[in-house]
Amino acid sequence: MRFADNAPVLFVTHYHSHGAYRIHHSRQLPHHRTKLPTILSFDQFTALFPRSQQSNPQIRSLYRDLQHQRNAVVDAVTENIAIEEKRGRAMQREAARIKREAAQEQPDVEMEIERALFGPINGRDPKHTLETVIPELDSAVADLEAEIQKLEAEEAALVESIQQTVGSLSDLRYGRLSNPQLPDEVIHGLKGLQEQCDAKK
């Protein structure tokens, strides 16, 4: 016997507690509604049973029960598809909204640079021209170089302080206490080093 490619394969097992037959589907039903007789006619369904049982009137009841089960399953699947489709559209709208908000919140780097150089862009004369912006940039570079030199000087002083402290600790380790005030100086140096380190944080 040949069935349609999308037809569910049926297994009929005896249900002892009620003396009836239970129908099991071994393949997922298609999402679109298709009437059972289109897939499996009553004669084809009857032929699934042994010849000695094919005249049993319960076969027709089983066939109707199968139709009811199929319709219920298809309705449930269709409803679930509609729900998931609705959720998918809602998620797409939410993703688009988040993307728009992120684009609005992200600063325009070019606009920020232009605003810093030329002031607010409102149709008036710019704050700087090409001739005046170069000296302004040179001044900014000079300020940065001065700040770098200041940081380098502080770094050198910190390194020297560390070296002195290490040397004092070395003398203390080997018992070379030529200076009786050395312990106090070491403690003072360590405190100063700690203060400088804390200031760098």
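Residue numbers for the sequence shown, in our numbering: 941 to 1141. All residues carry an ideal CB built from backbone N, CA and C; glycine is no exception.
Tell me which same chain residues have a C-beta within less than 6 Å of the C-beta of residue i, skipping the five on either side of it?
i: phenylalanine 982; result: Tyr1003
i: arginine 1010; result: Leu976
i: alanine 1016; result: none
i: valine 1081; result: none
i: alanine 1030; result: none
Against chain C, does residue i count as a neighbour if the rule is that its beta carbon must be under 8 Å from one of theirs?
i: leucine 1084; result: In the structure shown, chain C does not exist; there is a single protein chain.
Which residue's Cα is closest to the Cα of residue i: the options?
i: alanine 1139; options: Gln1104, Leu1098, Gln1103, Asp1124; result: Leu1098
i: glutamine 1104; options: Glu1095, Leu1130, Glu1087; result: Leu1130
i: serine 1001; options: Phe985, Pro990, Val1013, Glu1125; result: Phe985
i: glutamine 1136; options: Glu1125, Asp1124, Glu1095; result: Glu1095
Helix, strand or coil for residue i, going by three-state DSSP, please let me know.
i: asparagine 1020; result: helix
i: lysine 900; result: A query on residue 900 cannot be resolved here, the shown segment of the chain reaching from 941 to 1141 and no further.
i: arginine 967; result: The predicted position of arginine 967 is uncertain, since its pLDDT is 41 and thus under 50; a value taken from the coordinates is nonetheless stated next. Correct three-state label for arginine 967: coil.
i: leucine 976; result: helix
i: leucine 1077; result: helix
i: asparagine 996; result: coil
i: leucine 1098; result: helix
i: phenylalanine 989; result: coil
i: serine 981; result: coil
Using a 10 Å radius around the Cβ and a threshold of 16 neighbouring Cβ atoms, would you call residue i buried or exposed?
i: leucine 980; result: buried
i: leucine 1006; result: buried
Starting from the C-beta of residue i, find all residues in its chain whose C-beta is less than 7 Å away, skip the five residues before and the five after it, and write them out in chain order.
i: glutamate 1034; result: none
i: alanine 1036; result: none
i: glutamine 1134; result: none
i: serine 995; result: none
In chain order, what residues of the same chain have a beta carbon less than 8 Å from the beta carbon of residue i, not counting five sequence neighbours either side?
i: lysine 1090; result: none
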